[in-house]
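Notes follow once the structure below has been shown.
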Amino acid sequence: MSQRDSMTVAEAQGRLATLWIGGAAAVGALLLAQTVLGKYGGQTEKAWSWFAPTVFPMLTIIVTAWFGTGDAARQQPVESRHFHMAFALSLVYLAVVAGTLLVQPFSAWTPMELLAMSHAWLGPTQGLAGIGVGRFFASKGAT
Amino acid sequence: MLALLRLLLAGILLLLPGNSAVVAQPRPSWEGIWVTGRQTPIDRLDIGEATIHIGWKKARVACTETSSTRNLPPTIRSATFECVTSDGPLLLSVTGTPEPLLLVHAVVPGMPGIQTLVFTRPTAASKPPPKTGPPTALPQFPMPPPQWTLRNVLPRGLVVTRDGEPLGEIFDRLRQALGRAQIADFSVYGVENDGFAVVARMESIADDGRPAAERWTLGAVRPAVFSIGDYLKALFTARPGRYRVIAFLVTARTVTAGEPADKETLNRLWRGGAGDLPDDVRHVALPPSGRCEALVYEFFRATDDDAPVQVVDSRLTGPQHLAGAGLWPIERLVP
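Here is the structure:
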């Protein structure tokens, strides 16, 4: 069943971009506050080195597509299931990124140990989010 | 000359009063080991049923009887012997008495005149003096010791009470203090051949020098009580760590600092020593001017992920550290 609702490409891209910009900003703000308050001591650079590749690749793609889509294409309707899947997987991924930082106080591992270990669960989750976002952009009318 | 000395020895025997038989062979009551406390080349007699050996400069030398029986009182027996040592013949006149001792007159090669020696049964009191070399069973504390954060020479009476005190008594006093501080893990080292060192286990401490809640945990510790306030604090701020190792040196030697200390070196030290002071070291007397020095090694790490570095200028004093550990009350440490 191919369903199209009233959401246009521009709206869908806008929601996705908002999610990613908002999520990245929230995680970045948390990291910034931790840095300012001395959470990472002499390991601050390593903490930011963890953050950049975690968020920016996908964020860059989404924002670039949002601004790069032509006016005609932006008014096309989108398949809602593709958008919803991309949105849900992105939301899960950003929640996992933020959760990695937020659960650290409960952990017996040091902050750096936890960040290094987080690639084990962030990698697959990021892959799923990438598939969802890619499927959305590949669907007819999204780009 | 030798004949003359023999005659002299025979004369000594003749001068001894008495009228009973004298042994031709060493009698059973003489059998066994005899030692003398004097510094002499003859350090022992090993008398068998029909043989006699002497300890001569750490060698065992057999002797042959040369005397004939004499008329002596029943409680006194005597015999003379000749022993061929590496330095020449040695003449020996052995006289037993009612007391458990042997009176020995000896013409010793290389020594003028007649040497008079008293031999007794070996007992605890007549044990040879302690070895002059370092005790082999006890690992040696590195001298100079790693550079400390603070040093405190403990007041007289706290651990060391007097000159010449056996190291065992000092060690027991120190162990009592460690027990009071609930420090059960420590290592014992020798300091040359007349002192010792005790290195306590590395402990986690609070800023005031008292043990931290998780005293023996050196890594990241999850707070036991976890309120919202605790969580926010743990989320945004680092959990610094402060650590301490206390080493006690009981010695009369001058103690100077060596290389800067690191956590691994001190962890090796508290694990690498003996668990107790061996008996041979316990009986060694502390030389004059002997004292107990407490060396405090303090480490600090800013975050869970930083390596602990040695504190050069501690905010606390040596007595504050020792009192904080629970070893002694502060008023006893600051006279």
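Those sequence lines, one after another, are chains A and B.
Quick note on this note's numbering: the first sequence kicks off at 550 and runs consecutively.
Quick note on this note's numbering: the second sequence kicks off at -16 and runs consecutively.
Note that CB positions come from ideal geometry on N, CA and C, so glycine has one too.
As the structure is a prediction and not an experimental result, all values here were calculated from the model.
> Between A:Arg684 and B:Ala285, what straight-line distance do the alpha-carbon atoms span, to the nearest angstrom?
Replying inline: A:Arg684 and B:Ala285: Cα-Cα distance of roughly 46 Å.
>> Between the stretch 167 to 174 of chain B and the stretch 235 to 255 of chain B, can you find at least three pairs of beta-carbon atoms closer than 8 Å?
In response: Because the criterion of three Cβ pairs below 8 Å is met, the stretch 235 to 255 of chain B and the stretch 167 to 174 of chain B touch.
>> So for A:Leu663, helix, strand or coil by DSSP?
In response: Residue state, collapsed to three classes: helix.
> What number of angstroms, rounded off, separates the C-alpha of B:Pro118 from the C-alpha of B:Arg60?
Replying inline: A caution first: B:Pro118 carries a pLDDT of 49, below 50, which makes its placement in the model too unreliable to give a value.
> Leaving out five residues before and five after B:Thr132 in sequence, what residues of the same chain have Cβ atoms less than 6 Å from its Cβ?
Replying inline: Cβ neighbours of B:Thr132 beyond the five flanking positions: Val279, Tyr280, Glu281, Val294, Ser297.
> Terminal residues of the continuous beta strand (DSSP E) containing B:Asp29?
Replying inline: That run of the beta strand (DSSP E) goes 25 to 30.
>> Just to confirm, is the Cβ distance from B:Pro95 to B:Pro72 under 8 Å?
In response: Taking a C-beta distance under 8 Å as the contact criterion, B:Pro95 and B:Pro72 do not qualify as a contact pair.
> In chain B, which residues lie less than 8 Å from A:Gly587 when you measure between Cβ atoms?
Replying inline: The answer, in chain order, is Thr220, Ala221, Ala285, Thr286.
> If you draw a straight line from the alpha carbon of B:Arg10 to that of B:Val90, how long is it in whole angstroms?
Replying inline: Bear in mind that the predicted position of B:Arg10 carries a pLDDT of just 48, short of 50, making it unreliable; the figure below should be weighed with that in mind. Computed Cα separation, rounded: 23 Å.
>> How far does the beta strand (DSSP E) with B:Pro72 in it extend, from its first residue to its last?
In response: According to the DSSP assignment, B:Pro72 belongs to the beta strand (DSSP E) that extends over 71 to 79.
> According to the neighbour-count rule (16 or more other Cβ atoms, all chains shown, within 10 Å of its Cβ), is A:Gly572 buried or exposed?
Replying inline: Around the beta carbon of A:Gly572, a 10 Å sphere encloses 16 or more other beta carbons of the protein chains shown; the residue is thus reported as buried.
> Which residues bound the alpha helix (DSSP H) around A:Pro626?
Replying inline: Element bounds for A:Pro626: not the alpha helix (DSSP H) but the beta strand (DSSP E), 626 to 628.
> Which residues of chain B have a Cβ atom closer than 7 Å to the Cβ of A:Met661, listed in chain order?
Replying inline: For the C-beta of A:Met661, the chain B residues within less than 7 Å are, from N- to C-terminus, Asp288.
> For a contact meaning CB atoms closer than 9 Å, what does B:Ala164 contact in chain A?
Replying inline: Per Cβ cutoff of 9 Å: no residues; B:Ala164 is ~28 Å from chain A at best.
>> Alpha carbons only, please: which of B:Gly301, B:Thr103, B:Cys66, B:Ser69 is nearest the one belonging to B:Glu14?
In response: Ranking B:Gly301, B:Thr103, B:Cys66, B:Ser69 by CA distance to the CA of B:Glu14 puts B:Thr103 first.
>> Taking its Cβ as the centre, do 16 or more other Cβ atoms sit within 10 Å of B:Thr80, making it buried, or is it exposed?
In response: With fewer than 16 Cβ atoms within 10 Å of its Cβ, B:Thr80 is classed as exposed.
> Among the residues of its own chain, which have a CB less than 6 Å from the CB of B:Asp146, if the five just before and after it don't count?
Replying inline: Excluding sequence neighbours, B:Asp146 sits near Pro271.
> So the alpha helix (DSSP H) B:Gln303 belongs to, where does it begin and stop?
Replying inline: According to the DSSP assignment, B:Gln303 belongs to the alpha helix (DSSP H) that extends over 301 to 308.
> Comparing the CB of A:Ala687 with every heavy atom of the ligand MN, is any distance shorter than 7 Å?
Replying inline: With respect to the ligand MN, the structure offers nothing, as it holds no ligand at all.
> So which residues on chain A does B:Ala217 lean against when the C-beta distance must stay under 7 Å?
Replying inline: Those are Pro654, listed as they occur along chain A.
> In chain A, what lies closer than 7 Å to B:Ile214 by C-beta?
Replying inline: Checking the displayed sequence, the identity of residue 214 of chain B turns out to be Tyr instead of Ile. The answer, in chain order, is Pro654.
>> Please tell me whether A:Lys588 and B:Thr220 are closer than 8 Å, where the distance is taken between their beta carbons.
In response: Yes.
> With which residues is B:Leu133 paired in a DSSP beta bridge?
Replying inline: Bridge partners of B:Leu133: B:Val279.
>> Pop quiz: A:Leu565 and A:Ala635 are said to be a contact at Cβ under 8 Å. What is the actual Cβ separation, rounded to whole angstroms?
In response: The C-beta separation of A:Leu565 from A:Ala635 comes to about 6 Å, placing the pair in contact by the 8 Å criterion.
> Quick one: which chain B residues come within Cβ less than 8 Å of A:Ala582?
Replying inline: Chain B residues near A:Ala582: Phe219.
>> Just verifying my parser: in three-state terms, what is the DSSP assignment at B:Phe209?
In response: Three-state result, B:Phe209: coil.
> Taking three-plus beta-carbon pairs below 8 Å as touching, is the stretch 608 to 625 of chain A in contact with the stretch 657 to 668 of chain A?
Replying inline: Segments in contact, no.
>> Output needed in chain order: residues of the stretch 589 to 607 of chain A with a Cβ under 7 Å from some Cβ in chain B.
In response: Listed in sequence order: Tyr589, Gly590, Gly591, Gln592.
> So the alpha helix (DSSP H) A:Ser598 belongs to, where does it begin and stop?
Replying inline: Run containing A:Ser598: 593 to 617, per the alpha helix (DSSP H) assignment.
> For the beta strand (DSSP E) that B:Leu121 lies in, which residues bound it at each end?
Replying inline: Run containing B:Leu121: none; DSSP gives neither H nor E here.
> Between B:Leu233 and B:Gly178, is the Cβ-Cβ spacing less than 8 Å?
Replying inline: Reading off the sequence shown, one finds Val at residue 233 of chain B, where the question assumed Leu. With respect to the 8 Å criterion, B:Val233 and B:Gly178 are classified as neighbours on the basis of their beta carbons.
> In whole angstroms, what is the alpha-carbon distance linking B:His36 and B:Pro318?
Replying inline: Straight-line Cα distance between these residues: approximately 59 Å.
>> My output table needs one value for B:Leu201: the three-state DSSP class, helix, strand or coil.
In response: Note: B:Leu201 maps to coil in three-state DSSP.
>> Report the start-end ranges of each beta strand (DSSP E) in the stretch 233 to 287 of chain B that is 3 residues or longer and not cut off at the edges.
In response: Within the stretch 233 to 287 of chain B, the complete beta strand (DSSP E) segments at least 3 residues long are 274 to 284, listed from N- to C-terminus.
>> Please classify B:Glu186 as buried or exposed, where buried requires at least 16 neighbouring CB atoms within 10 angstroms.
In response: By the 10 Å Cβ count, B:Glu186 comes out buried.
>> In the DSSP output, what is B:Glu48 paired with across the bridge?
In response: Beta-bridge pairing links B:Glu48 to B:Phe64.
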